[in-house]
Amino acid sequence: MNTVATTLFLQKSQEPMQWWNLPEVWWIFVGILLLLLEMLRPRRNSASIAKASIFAFAVMLIASLGWPTGLETTFFGGAYQWDGLAIFFKRIFLIAGLATTWMMRKCEAQGIQGRDEFYILPWFAVAAMGFVSSVGDFVTGFVSIELLTVCSYIMVAFYRSDRFSLEAGAKYLVIGALSTAFLVFGITILFGTGGSLRFDQLANSLASGHQDPAVTMGVVLVLVGVGFKLAAAPFHWWAPDVYHGAPTPVSAFLAVASKAAAVVFLLRLLIGPFAPLWTQCQQVLLALAGASLLVGNLGALSQRDVKRVMGYSSVSHAGFILLGISAGSQPAMLSVCYYLLAYTLATLLVFGVICGMIDKTGGSLMRQFNGLAQSRPGVAWLMTIGMLSLAGIPPLSGFFGKWFIFASVWQEGMYVMVFLAGFTAVASLFYYLAIVRHMFFEKPADGRAISSGLSFGYQLLLVVLAVATVAVGLVPGAVQRAIYALIFNL
Amino acid sequence: MIPTLDHYLVLSALVFCIGLAGVVMRRSLIVIYMSLELMLTASIIALAAFSRFNQSLDGQVLVFFIITVAAAEVAVGLAIIVALFRQRKTSHTDEIAWLKF
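Read top to bottom, the protein sequences are chains A and B. Note that this note's numbering numbers the first sequence so that position 21 is 21, with each residue one more than the last. To get this note's numbering, take the position in the second sequence, counting from 1, and add 490.
What follows is the structure in structure tokens.
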């Protein structure tokens, strides 16, 4: 495996990295190559492009094992940083891209209109997120976040004949543009007060002038912009609607990859330019975290559609992640990374099951999953694993994610927040288990059993995600040590 | 009177607030989208002014990126709005709220 990787990315750590070896350069190259392939291909049949895209994601994921770790360098005059944090998030993005493209293929097999761009756009979105994870100045940050957002608009509104998809696209468009406007205005104010757009220079100049109210305003505006992308309350109201209306693979992509990109952007800001303003940022983050935990978990209780439940659930998980970030310690950062890994695997699993079943159940309402355990026990169990992990039931990775975050927040002395988070985590059991109850204990409404099966490849994807969800929970210490070694360059 | 940095910043803040008010209060998708562009314009004014008065070109560079990105966003955004209009025969936000539980 490693030899493939080293031939793909010529260098190991002794040789200095070159900009043309950066993974994003390769990812964009693959995207353009796929576009050219689509143009040259004789028949209008997306199968070959889909396969090529999935294959390329798999190759890039394997190649990511050969990336030089334990090395911190910058490129393009400090605009791009290569370090362990970036590597961790780039791998998450690749996993999300691979699973999403696979689900898109499944959606098209279900006869929903698909075109080749559906498989090509994730490449540009993943490359954009890769740049976000390495961001070193606000110009790069702004442009890469916008590339991600514009790709997401197209993907959300992709089913042009479907009224829900289009409406979700329009909503996401307005919200995305609004968050961009806040973000840019915040950046503008910071540029005016700090005199630079580079993260390191900005950190220096903000350290001396952090009493300035204009700086606080700029920071808050930037955090509002990030809050929209993160779907943190009170900037969350788009999430249930958009997750509901968007094609299921795209919902998965937004829930996992887009959120992870916002998290890494936030982390980069907090360890970079906002480091001198940590106390102000911490208050904002705690407020966002508390609101997200309450709104996400309580809002999901009254929902009847699994995709909407996942929308609110993603708000609540944004709350847990923000809570971990606001603890601000080194173990807290590790627990956030672990949490994000567990969340990624479980969410992809749940959306994968929804995507595979949605043509058989006829929709994503909870009652349409009635009796799934009798007709398709395997699929029902996979869904259950995903739901239980998201709810935080002990042997699964989601439990340890929550546990680590609670522990690191407790260490910082924020006991009230731990109790609030614990209370909302208990509340979340009701809606996650409601779906399980519908699958296992309710009779199908029209007495019709869900019969036809999933292809072997798709089953493989779901099983791998489920096994990973369980495995990450079985050896939480080892996984956390691996993340520690990666991020802190040991 | 020679305009100072403050004049530009007040103008920029006004334009931003007008844009935000438009997004919150108007009910036509096209007008909302115009208001969003107005908010970006506010940043452009302030960035150009900061660059001019701080003797630093970084802000001007960001202005070009904002213009380019806004153009790309408008291309995609108008396509979505037109597709929505073709289907629903309206671009009024009150009449396209179908996504509810």
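Each residue gets a CB set at the ideal place from its N, CA and C atoms; glycine is no exception.
In whole angstroms, give me the CA-to-CA distance for Leu526 (chain B) and Ala478 (chain A).
Along the second sequence, read from residue 1 onward, the residue named residue 526 (chain B) stands at position 36. Along the first sequence, read from residue 1 onward, the residue named residue 478 (chain A) stands at position 478. In a straight line, the C-alpha of Leu526 (chain B) is about 47 Å away from that of Ala478 (chain A).
Going by beta carbon distance, what residues of the same chain come within less than 8 Å of Gly362 (chain A), once the five residues before and after it are set aside?
Indexing the first sequence from 1 puts residue 362 (chain A) at position 362. If you ignore the 5 residues before and after Gly362 (chain A), its C-beta comes within less than 8 Å of the C-beta of Gln368, all in its own chain and listed in chain order.
Listed in chain order, which residues of the segment 556–581 of chain B have Cβ atoms closer than 7 Å to some Cβ of chain A?
Ile556, Val559, Ala562, Glu563, Val566, Gly567, Ile570, Ile571, Ala573, Leu574 and Gln577
Would Ser326 (chain A) be called buried (16 or more neighbouring beta carbons within 10 Å of its own) or exposed?
As a first step, residue 326 (chain A) is located in the first sequence; it is residue number 326 there, counting from the start. Its Cβ being crowded by 16 or more others within 10 Å, Ser326 (chain A) is buried.
Using a 10 Å radius around the Cβ and a threshold of 16 neighbouring Cβ atoms, would you call Leu558 (chain B) buried or exposed?
By 1-based counting over the second sequence, the position of residue 558 (chain B) is 68. Sequence check: residue 558 (chain B) is Thr here, not Leu. Per the 10 Å Cβ criterion, exposed.
If you check the beta carbons only, do Tyr153 (chain A) and Gly169 (chain A) fall under 9 Å apart?
Within the first sequence, residue 153 (chain A) is the residue found at index 153, counting from 1. Within the first sequence, residue 169 (chain A) is the residue found at index 169, counting from 1. Contact flag set, yes.
Starting from the Cα of Val126 (chain A), find the closest Cα among A:Leu345, A:Pro247 and A:Ser258 and give me that residue.
Numbered from 1 along the first sequence, position 126 holds the residue referred to as residue 126 (chain A). Measuring from the Cα of Val126 (chain A), the nearest candidate turns out to be A:Ser258.
Quick check: what's the CA-CA separation for Leu349 (chain A) versus Val566 (chain B)?
Within the first sequence, the letter at position 349 stands for residue 349 (chain A). Within the second sequence, the letter at position 76 stands for residue 566 (chain B). Between Leu349 (chain A) and Val566 (chain B), the C-alpha separation is close to 30 Å.
For the pair the segment 161–175 of chain A and the segment 188–202 of chain A, tell me if three or more CB-CB distances fall below 8 Å.
no
Decide yes or no for the touch test of the segment 215–235 of chain A against the segment 172–191 of chain A: beta carbon pairs closer than 8 Å, at least 3 of them.
At 8 Å Cβ cutoff, the stretches touch.
Give me the chain B residues within the contact set of Thr248 (chain A), using Cβ-Cβ distance strictly less than 7 Å, ordered along the chain.
Numbered from its first residue, the first sequence carries residue 248 (chain A) at position 248. Below the 7 Å Cβ cutoff, chain B contributes no neighbours of Thr248 (chain A), its closest Cβ being approximately 15 Å away.
Quick check: what's the CA-CA separation for Val564 (chain B) versus Thr73 (chain A)?
Locating residue 564 (chain B) in the second sequence gives position 74, where the first residue counts as 1. Locating residue 73 (chain A) in the first sequence gives position 73, where the first residue counts as 1. Computed Cα separation, rounded: 36 Å.
For Leu365 (chain A), which residues does DSSP report across the bridge?
Along the first sequence, one-based indexing puts residue 365 (chain A) at 365. Paired residues: A:Asp305.
Suppose the cutoff is 8 Å on Cβ atoms and the five residues either side in sequence are ignored; what does the same chain contact list for Pro213 (chain A) look like?
For this step, residue 213 (chain A) is matched to residue 213 along the first sequence. Hits under 8 Å: none found.
DSSP three-state label for Gln577 (chain B), please.
Here residue 577 (chain B) corresponds to residue number 87 of the second sequence, with the count starting at 1. Residue state, collapsed to three classes: helix.
If you reduce the DSSP assignment to three classes, tell me which class Tyr80 (chain A) lands in.
Within the first sequence, the letter at position 80 stands for residue 80 (chain A). Strand at Tyr80 (chain A).
Quick one: list the residues of chain B neighbouring Ile154 (chain A), beta-carbon separation under 7 Å, in chain order.
Reading the first sequence from its first residue, position 154 is the one you call residue 154 (chain A). Under the 7 Å cutoff, chain B gives Val566.
Are Ser389 (chain A) and Leu345 (chain A) closer than 9 Å when you measure CB to CB?
For the purposes of this step, residue 389 (chain A) is taken as residue 389 along the first sequence, with counting starting at 1. For the purposes of this step, residue 345 (chain A) is taken as residue 345 along the first sequence, with counting starting at 1. In contact: Ser389 (chain A) and Leu345 (chain A) (Cβ atoms closer than 9 Å).
Less than 9 Å between the beta carbons of Ala128 (chain A) and Leu147 (chain A), yes or no?
Locating residue 128 (chain A) in the first sequence gives position 128, where the first residue counts as 1. Locating residue 147 (chain A) in the first sequence gives position 147, where the first residue counts as 1. Between Ala128 (chain A) and Leu147 (chain A), the C-beta spacing is below 9 Å.
For the segment 314–326 of chain A and the segment 401–408 of chain A, state whether three or more C-beta atom pairs, one from each stretch, are separated by less than 8 Å.
yes
Just the chain B side, please: which residues come within less than 7 Å of Gly169 (chain A) by C-beta, in chain order?
Counting from one through the first sequence, the residue named residue 169 (chain A) turns up at place 169. By Cβ distance, chain B contributes Ile570.
Going by beta carbon distance, what residues of the same chain come within less than 7 Å of Ile520 (chain B), once the five residues before and after it are set aside?
Locating residue 520 (chain B) in the second sequence gives position 30, where the first residue counts as 1. Hits under 7 Å: Ile571 and Ser581.
Going by beta carbon distance, what residues of the same chain come within less than 6 Å of Leu223 (chain A), once the five residues before and after it are set aside?
For the purposes of this step, residue 223 (chain A) is taken as residue 223 along the first sequence, with counting starting at 1. Excluding residues within five positions, the ones whose Cβ falls inside 6 Å are Val284.
Suppose only complete runs of 4+ residues qualify. What are the alpha helix (DSSP H) ranges in the segment 186–267 of chain A, listed by chain order?
199–208, 213–230, 238–245 and 248–253
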